[in-house]
Every structure is written in C-alpha cells, then in structure tokens.
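Novice:
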Ligand SMILES: [Zn+2]
C-alpha cells in the first residue's frame with residue numbers, strides 16, 4: 091500500500107502521484123519536496139495550488 095511521503099497518510103481510496111527516475115511524468119516537485127517520492131492527491135492539489143509543482147508541459151498552464 092502506498093503512503094504519502096508528505097503527510098504520511100495511507101488510504102487506498104486516494105490517488106497517489108509518483109515522482110522518480112523510473113517514471114516519465116509531466117510534473118516535478120523536487121524543488122520544493124526533495125525527499126518526497128509519493129504524494130497523495132490532497133497534498134498534490136495543495137502543492138499545485140501553491141505553484142510548487144513544476145509542469146513540463148508549460149504551454150497548457152495559463153498564467154492568469
Ligand atoms: Zn499527502
């Protein structure tokens with residue numbers, strides 16, 4: 091079972107995001123969360139709203 095490295099929650103009903111060399115993702119949170127390999131959707135949403143997620147597809151993000 092996956093545990094969020096940010097808040098420590100383990101809940102199989104949550105979606106977990108992964109960031110690692112073994113995967114190809116469009117997001118990267120290492121600048122703000124260098125120790126985090128897995129993040130639950132709650133932490134991910136909060137981090138994204140705080141602009142702590144770097145998106146590789148920057149063109150899809152409108153800078154309003
Ligand atoms: Zn979390």
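In our numbering, the protein residues as written are 91 to 154. For glycine and all other residues, C-beta sits at the position ideal for the given N, C-alpha and C. Since the model is a prediction, treat every value here as computed from it, not as a measurement.
Ligand 1 heavy atoms versus the CB of residue 96: any closer than 7 angstroms?
Specialist: Counted from its first residue, the chain shown places residue 96 at position 6. Yes, ligand 1 has a heavy atom inside 7 angstroms of this Cβ.
Novice: Quick one, which of 139, 143, 133, 137 has its alpha-carbon nearest residue 100's?
Specialist: Locating residue 100 in the chain shown gives position 10, counting from the first residue. Ranking the options by Cα distance to residue 100, first place goes to 133.
Novice: So does residue 132 have its beta carbon nearer than 7 angstroms to some heavy atom of ligand 1?
Specialist: Sequence index remark: in the chain shown, residue 132 carries index 42 (1-based). Yes; taking the cut-off as 7 angstroms, the Cβ of residue 132 has a heavy atom of ligand 1 nearer than that.
Novice: Do residue 145 and residue 127 have their C-beta atoms within less than 8 angstroms of each other?
Specialist: As a first step, residue 145 is located in the chain shown; it is residue number 55 there, counting from the start. As a first step, residue 127 is located in the chain shown; it is residue number 37 there, counting from the start. Cβ distance not < 8 angstroms, so residue 145 and residue 127 don't count as in contact.
Novice: For residue 91, is the beta carbon positioned less than 7 angstroms from some heavy atom of ligand 1?
Specialist: Numbered from 1 along the chain shown, position 1 holds the residue referred to as residue 91. Flag unset: Cβ of residue 91 not near ligand 1.
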